[in-house]
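Using UniProt numbering, the first residue of the sequence shown is number 1, and each one after it goes up by one.
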Amino acid sequence: MMVALTARRLPRFAPAGIGAAAVVVAAALCFGLGLGGVVLTALFSAVLFVVGLYIATRAVEGPRAARSRVATSFIYGAFLLAIIPLVSVIITVLSKGSARLDANFFSTSMNLITARDAHGGAYHAIIGTLEQVAISVVIAVPLGILGAVYIVEYGRGRLAKAIQFFVDVMTGIPSIVAGLFILAFWVMAITPMFSADGRPVLSGFAASLALAVLMLPTVVRSTEEMLRLVPNELREGSYALGIPKWKTITKIVLPTAAPGIVTGVMLAIARAAGETAPVLLVAGASKAINFNPFESQSSLALFVYDQATDSSKFAPGRAWTAALTLIVIVLTLTVAAKLLARRSKLSR
1 MMVALTARRL PRFAPAGIGA AAVVVAAALC FGLGLGGVVL TALFSAVLFV
51 VGLYIATRAV EGPRAARSRV ATSFIYGAFL LAIIPLVSVI ITVLSKGSAR
101 LDANFFSTSM NLITARDAHG GAYHAIIGTL EQVAISVVIA VPLGILGAVY
151 IVEYGRGRLA KAIQFFVDVM TGIPSIVAGL FILAFWVMAI TPMFSADGRP
201 VLSGFAASLA LAVLMLPTVV RSTEEMLRLV PNELREGSYA LGIPKWKTIT
251 KIVLPTAAPG IVTGVMLAIA RAAGETAPVL LVAGASKAIN FNPFESQSSL
301 ALFVYDQATD SSKFAPGRAW TAALTLIVIV LTLTVAAKLL ARRSKLSR
């Protein structure tokens, strides 16, 4: 009796052929019978493709291979569903935001710009965003990394559990709550003590404090997870050589976890750069160019909000271009941080 040494498999072109047939059948049903448009056709095509692939694979390769191919199809389908909104947002922002990509937009502010003026730019908002995010990074990143180091390397007992609990709570607080907290604590209670007339002062620094509150739990949680992924063997080998614990953490543990920590920091920066509610409450939303963070400032997120709700026919173009600018800034910072983390990892 002859026993086959190789199992039967579908031809490589079979999934593509089944997919093409599914699209044709779905299009004929939807457009021929008037059931729906492109979206319903895509949905029917996906269902028909999965069913057809399962039947064909089961007939040729068996039930186990059929289930495997169906599971793989679901994975690819989930990836496509996740990437479609991202691609749609990028295409929309690029198409609508490219109209005002000119020197005037990046070199002027909205000071003295009327509703009938086609000019005016976001230079003041770009300055405000960069300064506010930079200050919030200086505040939140060291505190977050030190807090995570304490939790993972030193924390024991109730204090460590309490810190972890409050970090989890802060992770889920709405951004408006952080803005209200800074408004009540810093703007209403602290700034009148230092102002000349005793009145509260809205400023970019207050916005930075609110953004730091939002960034802190993200930095702590991501750094904590990265530190836990560092093998204990590295710590034990360092201790066996007589290296103190603090030097083990600074020279071995933190550099090993640096790429993951940088990723968490960039996620926190991306969230802070796009926040509108805290800046709206405490920054003052100045339309003039201002490099002093302790005075009224705007930001790109707030600029987008202002222009999107403005009645001027020229405002939507400014809003889309500002949104594109914000995306480019965050993307540039992320790529730069990734390159720096990769370089530091390769150099070790």
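The beta carbon of each residue, even a glycine, is placed where N, CA and C say it ideally should be.
These figures come from a predicted structure and were not determined experimentally.
What does a CB cutoff of less than 7 angstroms around residue i pick up in its chain, not counting 5 residues either side in sequence?
i	result
residue 199	192
residue 266	333, 334 and 337
residue 48	22, 25 and 26
residue 224	148, 151 and 152
residue 5	For residue 5, the pLDDT reaches just 49, beneath the cut-off of 50, and the residue's location in the model is therefore unreliable, leaving the point undetermined.
residue 186	206 and 209
According to DSSP, which residues form a beta bridge with residue i?
i	result
residue 284	297
Between residue i and residue j, what straight-line distance do the alpha-carbon atoms span, to the nearest angstrom?
i	j	result
residue 256	residue 44	48 angstroms
residue 16	residue 62	19 angstroms
residue 151	residue 31	60 angstroms
residue 40	residue 50	16 angstroms
residue 88	residue 146	39 angstroms
residue 194	residue 300	28 angstroms
residue 320	residue 328	12 angstroms
residue 347	residue 262	Low confidence applies here, because residue 347 scores a pLDDT of 44, under 50, leaving its location unreliable and the question unanswered by this model.
residue 26	residue 56	18 angstroms
residue 115	residue 315	8 angstroms
residue 174	residue 167	14 angstroms
residue 11	residue 38	29 angstroms
residue 35	residue 322	40 angstroms
residue 176	residue 303	17 angstroms
residue 19	residue 83	20 angstroms
residue 240	residue 78	47 angstroms
residue 98	residue 326	13 angstroms
residue 160	residue 288	46 angstroms
residue 86	residue 80	10 angstroms
residue 52	residue 59	11 angstroms
residue 13	residue 92	34 angstroms
residue 236	residue 142	26 angstroms
residue 164	residue 339	31 angstroms
residue 162	residue 71	41 angstroms
residue 232	residue 42	50 angstroms
residue 90	residue 122	20 angstroms
residue 33	residue 74	28 angstroms
residue 309	residue 197	33 angstroms
residue 144	residue 28	57 angstroms
Do residue i and the ligand MN come close, with the Cβ less than 7 angstroms from some heavy atom?
i	result
residue 154	Looking for the ligand MN in the displayed structure turns up nothing, as the structure carries no ligands at all.
So, for residue i: in the same chain, excluding its five sequence neighbours on each side, which residues have a beta-carbon less than 6 angstroms away from its beta-carbon?
i	result
residue 349	Coverage of the chain is limited to positions 1 through 348, which leaves residue 349 absent and any answer about it impossible.
residue 252	234 and 238
residue 139	212
residue 311	none
residue 23	45
residue 113	120
residue 208	132, 135 and 136
residue 96	320
residue 201	191 and 195
residue 111	287 and 288
residue 69	53 and 57
residue 268	215, 218 and 219
Would the beta-carbon of residue i fall within 8 angstroms of that of residue j?
i	j	result
residue 66	residue 76	no
residue 283	residue 206	yes
residue 215	residue 286	no
residue 220	residue 148	yes
residue 172	residue 210	no
residue 297	residue 132	yes
residue 317	residue 9	no
residue 108	residue 273	no
residue 157	residue 222	no
residue 203	residue 291	no
Spatial neighbours of residue i within its chain, please: CB distance less than 8 angstroms, with the 5 preceding and 5 following residues excluded, ordered by chain position.
i	result
residue 229	257 and 260
residue 2	Caution is warranted here: a pLDDT of 49 is assigned to residue 2, below 50, making its placement in the model unreliable, and no coordinate value can be reported.
residue 170	213, 216 and 217
residue 153	227, 245, 249 and 253
Rounded to whole angstroms, how far is the Cβ of residue i from the Cβ of residue j, which I believe are closer than 8 angstroms?
i	j	result
residue 104	residue 119	5 angstroms
residue 305	residue 276	5 angstroms
residue 94	residue 280	With a Cβ gap of about 27 angstroms, residue 94 and residue 280 do not count as contacting.
residue 278	residue 126	Not quite, the Cβ-Cβ distance comes to about 18 angstroms (not below 8 angstroms), so this is no contact.
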